[in-house]
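Undergrad:
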Amino acid sequence: MSESATVAVDAPKTSEVAETEQKKPRNPILRYDEIFDVQTGQTRLVKTERSELKRQSGRKGVLCVRRIFDNKGLLTKTDVDIKSSHVATAMQDMHSDVDGISLRTRPPVVPHEIFFHSKIGLEQKLEDARKSENPNQDQISDLVIAANFAREEFEVITANVDALLASGEMTWDLLWTIFAPNVLVYRYHPLVEEHQVLKLRTMRKVPRPDGSIYWEVNCHIVADDGVKFGLAYEPYSMSIDQFDGARKIVDLPVFPLDYHPDSADVHAKALSRGRRFADLRDTRVMETSGPAMFEKRLPSNWRAVPYKFSSHGRAIVDVSGFRSFNANLESMPPRVHRTLSRDGLTYEQLLICTPVILGFCFGNKKWGGFGLSRLRDVTWNDQVFHDLVLAKPSKTLVHAMVKQQTSEDSEFDDIISGKGKGIVCLFSGPPGSGKTLTAEAVAELTKRPLYSVSAGDLGIEPRTVDETLSQALELASKWNAVLLLDEADVFLQARTAENVKRNALVSIFLRQLEYYQGILILTTNRIGQFDAAFESRVHVSLQYPDLDENSRRQIWKTFIRNLRESGRQNVDVRIEDKDLARLARLNVNGRQIKNIINCARIVAKDMDDALSVSHIDLVLEVTGRTSGKEQVKTNGFVENGA
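With the UniProt record's numbering applied, the sequence shown has no gaps in its numbers, which climb one by one up to 642 at the end.
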């Protein structure tokens with residue numbers, strides 16, 4: 001017999017029970033201690049040595065209270081076996097979906113504390129039974145016993161709890177009394193900094209290796225795991241560390257929502273956010289800024305822990321992609337265990353929708369979970385394309401090609417079906433000449449996200465490049481994104497007999513490119529000898545010269561105009577055309593112009609002044625200028641760019 005076997009040593013046997021019941025009525029409440037017998041290595045039941053509740057007449061045992069002790073003689077928990085089918089049915093009706101309650105076993109077993117939270121429910125069941133057209137006296141008798149037990153067993157605890165609640169406080173050991181089964185709880189999500197409503201699943205005391213104890217709170221949420229949508233377990237449990245004395249309930253890291261001072265407002269915001277969450281579908285492009293979360297594994301024990309990072313820029317909602325490309329994560333996304341309809345969520349289910357939406361942030365080039373309240377709809381700006389300082393024929397060609405490729409009746413194709421449907425653009429030129437800006441303008445014009453990947457992101461080993469490039473092309477195709485491959489020189493150079501590794505990289509790139517059906521933009525700072533096979537695959541090739549004075553003047557004018565029109569910059573601009581003429585003579589590139597203006601704006605804001613040419617002159621003076629080409633030096637704020 002195993003050590004976990006339970007032998008009722010002092011409890012009467014089944015035959016004896018029947019005989020005893022015929023002789024005299026038994027106590028309705030039976031009490032036993034389940035202790036560990038060191039000699040036999042088994043647990044056994046002994047009658048509890050304590051005063052019984054007020055004796056009540058009954059035709060049989062209704063409840064059996066079992067205090068369970070460990071092998072050190074310490075009380076671990078108290079369970080109640082429900083002997084009455086009438087009480088079992090009542091408890092089943094009240095707590096059928098509560099975790100940790102075995103109401104379908106024979107006999108049903110529940111934690112002792114569940115009766116504290118069942119007082120009102122049992123009294124209501126008793127009242128209903130008495131008002132029935134055909135009252136069942138056995139049912140009424142058993143419910144009377146159960147209701148009295150729930151009231152009298154916790155009489156002292158109830159008095160203490162009521163006194164503490166009068167001042168909005170609670171002691172650590174009595175916290176379980178306010179965390180009723182399935183109660184809605186509130187917490188401030190520390191990673192995405194969002195208010196969150198959850199549904200209590202379980203609450204238990206957990207010891208730490210250092211001997212301290214904490215309450216572990218586990219909850220239900222509504223989530224999307226990339227395959228199913230519905231009820232899920234909140235992947236990261238919440239804890240309430242042990243504390244002395246009483247503490248304000250609202251100061252706890254998690255507490256029942258009803259105790260929140262602005263519970264009505266929390267309800268309204270959670271409901272609105274839940275509706276938005278249910279409406280969100282994969283591959284929807286959004287704007288984001290602020291805290292986001294991801295997961296990493298600790299090298300010491302390989303345990304997965306969440307961490308916070310700052311997100312910015314465009315992001316795409318893609319739960320299925322997150323799951324596919326982050327399959328090694330332990331808790332993201334949370335796994336759905338009960339499927340629900342997005343269009344049929346109840347009020348409570350809308351409230352507990354997770355505030356974290358999974359996807360990819362293009363600004364960080366990083367997967368993550370983003371706070372739903374921080375996600376905004378995208379406002380596309382096709383003015384960026386019109387502001388490009390680019391020769392008119394080149395701009396006309398790029399505009400026509402990308403618009404045609406994105407139209408539904410696109411005629412791009414190859415003799416082989418599915419081959420050659422994409423557009424490949426090559427932008428070559430010195431740093432700051434507008435290559436990246438053109439790629440950004442194309443994305444704005446086509447209302448597609450810009451997915452930027454550098455050659456460094458792809459690696460240098462042929463096998464690694466093959467995998468990472470395939471992944472980048474797959475994601476860009478799935479997201480319907482404009483793919484920008486920056487610093488692509490290594491993939492473009494002509495193959496030679498001397499460099500086998502580079503030949504392999506070029507061959508991999510050409511093969512992957514063959515069937516790509518989106519818009520791919522390649523940039524390079526230098527024009528070398530391109531591989532002949534690659535040259536035949538480029539649809540649009542633009543060479544960006546060094547900026548002349550007229551081009552620089554237009555760039556200065558565009559950045560300053562954007563500064564005037566942007567309501568977020570919160571600064572006046574007082575720069576005249578004559579100032580632009582002088583600034584245009586500086587031999588600087590487009591990225592440097594942008595950095596100079598940003599630095600000058602910060603200085604003007606710090607001085608509480610309107611932005612003027614004097615602030616720009618200050619930045620130029622601090623950073624300095626070389627003679628000859630008069631190129632602005634890098635000095636922490638102003639950079640040449642790449």
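In this text, a Cβ means the ideal position worked out from N, Cα and C, and glycines have one as well.
1) Confirm, please, whether the CB-CB distance from Leu103 to Cys64 is below 9 Å.
2) For Ser324, which residues of its own chain have a beta-carbon under 8 Å away from its beta-carbon, when the five flanking residues on both sides are left out?
3) For Gln22, which of helix, strand or coil comes out of DSSP?
4) The alpha helix (DSSP H) with residue 684 in it runs from where to where?
5) Let me know the alpha helix (DSSP H) ranges lying completely inside the UniProt domain "AAA+ ATPase" (421-548), each 4 residues or longer, listed in chain order.
6) Rounded C-beta distance between Ile616 and Ile596? I'm assuming under 8 Å.
7) Whose CA, out of Ser300, His267, Tyr233, Trp176, lies closest to the CA of Ile240?
8) Residue range of the beta strand (DSSP E) that Val619 falls in?
9) What's the call for Phe229, buried or exposed, on a 16-neighbour Cβ count within 10 Å?
10) Using three-state DSSP, classify Arg208 as helix, strand or coil.
11) Taking all protein chains shown into account, do 16 or more other C-beta atoms lie within 10 angstroms of the C-beta of Asp318, making it buried, or fewer, making it exposed?
12) Which residue marks the beginning of the alpha helix (DSSP H) containing Ala147, and which one marks its end?
13) For the segment 295-337, which segments carrying the alpha helix (DSSP H) assignment without a break, of at least 4 residues, lie completely within its bounds, in sequence order?
14) Specify the secondary structure class of Tyr214 as computed by DSSP and reduced to three states.
15) On the CB-based measure, 16 or more other CB atoms within 10 Å of its CB, does Gln383 come out buried or exposed?
16) Please identify the residue among Asp99, Leu198, Thr105, Tyr188 whose C-alpha is closest to the C-alpha of Cys353.
17) Is the CB-CB distance between Val217 and Met238 below 9 Å?
18) Alpha helix (DSSP H) containing Glu34: first to last residue?
19) What would DSSP say about Lys365, mapped onto helix, strand or coil?
20) Can you have a look at Met293 and say buried or exposed, based on whether 16 or more other CB atoms are within 10 angstroms of its CB?
21) Just to confirm, is the Cβ distance from residue 643 to Leu437 under 9 Å?
22) Count the other CB atoms, across all protein chains shown, that sit within 10 Å of the CB of Glu234; report buried if there are 16 or more and exposed otherwise.
23) Let me know if Arg212 comes out buried or exposed under the rule of 16 or more other beta-carbons within 10 Å of its beta-carbon.
24) Any idea if Lys435 is buried or exposed, counting beta-carbon neighbours within 10 angstroms, 16 or more meaning buried?
25) Using a Cβ-Cβ cut-off of 7 Å (strictly less than) and excluding sequence neighbours within five positions of Trp556, which residues of its own chain qualify?
26) Here's the rule I'm using: 16 or more other beta-carbon atoms within 10 Å means buried, otherwise exposed. How should Leu74 be labelled?
27) Could you tell me the distance, in whole angstroms, from the CA atom of Asn136 to the CA atom of Ala129?
28) Using CA atoms only, rank isn't needed, just tell me which of Ile221, Tyr236, Ser394, Ala439 is closest to Ser452.
29) Write down the C-beta distance between Val222 and Leu340 rounded to the nearest angstrom, noting that I regard them as a contact closer than 8 Å.
30) Asp608 to Met286, Cα distance in whole Å?
31) Is the beta carbon of Val500 less than 9 Å from the beta carbon of Ala533?
32) Does DSSP classify His386 as helix, strand or coil?
33) When the Cα atoms are used, what is the spatial distance from Ser300 to Gln39?
34) Would a C-beta distance cut-off of 9 Å place Gln554 and Gly429 closer than the cut-off?
35) Return the CA-CA distance between Val250 and Pro355, expressed in angstroms with no decimal places.
36) Is the beta carbon of His312 less than 9 Å from the beta carbon of Thr346?
TA: Quick answer:
1) In this structure, Leu103 does not lie closer than 9 Å to Cys64 by Cβ.
2) Around Ser324: Gly226.
3) Low local confidence applies: a pLDDT of 41 at Gln22 is under 50, so the model's placement there is unreliable, with the coordinate-based value given in what follows. Secondary structure of Gln22 (DSSP, three-state): helix.
4) This structure does not reach residue 684, given that the chain is present from 1 up to 642, and the question cannot be answered.
5) The UniProt domain "AAA+ ATPase" (421-548) contains these whole alpha helix (DSSP H) runs: 435-446, 455-458, 462-479, 489-492, 500-513, 532-535.
6) About 6 Å separates the CB atoms of Ile616 and Ile596; that is less than 8 Å, so the two are in contact.
7) For the residues Ser300, His267, Tyr233, Trp176, the minimum Cα distance to Ile240 belongs to Trp176.
8) From DSSP, Val619 is part of no beta strand (DSSP E) but of the alpha helix (DSSP H) over 613-623.
9) So Phe229 counts as buried.
10) Arg208 falls in the coil class under three-state DSSP.
11) Asp318 is buried by the Cβ-count criterion.
12) Per DSSP, Ala147 is one residue of the alpha helix (DSSP H) stretching across 137-153.
13) At a cut-off of 4 residues, the continuous stretches assigned as alpha helix (DSSP H) that sit fully inside the segment 295-337 are 319-325.
14) For Tyr214, the secondary structure class from DSSP, reduced to helix, strand or coil, is strand.
15) When all chains shown are included, Gln383 counts as exposed.
16) It is Leu198.
17) Yes, they are a contact pair.
18) For Glu34, there is no enclosing alpha helix (DSSP H); the residue is part of the beta strand (DSSP E) that begins and ends at 29-37.
19) Note: Lys365 maps to coil in three-state DSSP.
20) That one is buried.
21) No answer is possible for residue 643: it lies beyond the span of the chain, which begins at 1 and ends at 642.
22) By the neighbour-count criterion, in which 16 or more other beta carbons inside 10 Å mark a residue as buried, Glu234 falls on the buried side.
23) Per the sequence shown, residue 212 should be read as Ser rather than Arg. Burial state of Ser212 is exposed, judged by a 10 Å Cβ sphere holding fewer than 16 other Cβ atoms.
24) The Cβ neighbour count for Lys435, taken over all protein chains shown within 10 Å, is at least 16; the residue is labelled buried.
25) Around Trp556: Leu580, Leu583, Ala584, Ile593.
26) Exposed.
27) Cα to Cα, the separation comes out at about 7 Å.
28) Per the C-alpha coordinates, the member of Ile221, Tyr236, Ser394, Ala439 positioned closest to Ser452 is Ala439.
29) That belief holds up - the Cβ atoms of Val222 and Leu340 are roughly 7 Å apart, short of 8 Å.
30) Asp608 and Met286: Cα-Cα distance of roughly 33 Å.
31) No, Cβ-Cβ distance for Val500 and Ala533 is not below 9 Å.
32) Helix.
33) Counting only the Cα atoms, Gln39 lies some 40 Å from Ser300.
34) Against a cut-off of 9 Å, the Cβ pair of Gly429 and Gln554 comes out as no contact.
35) Answer to the nearest angstrom: the Cα atoms are 21 Å apart.
36) Contact flag unset, no.
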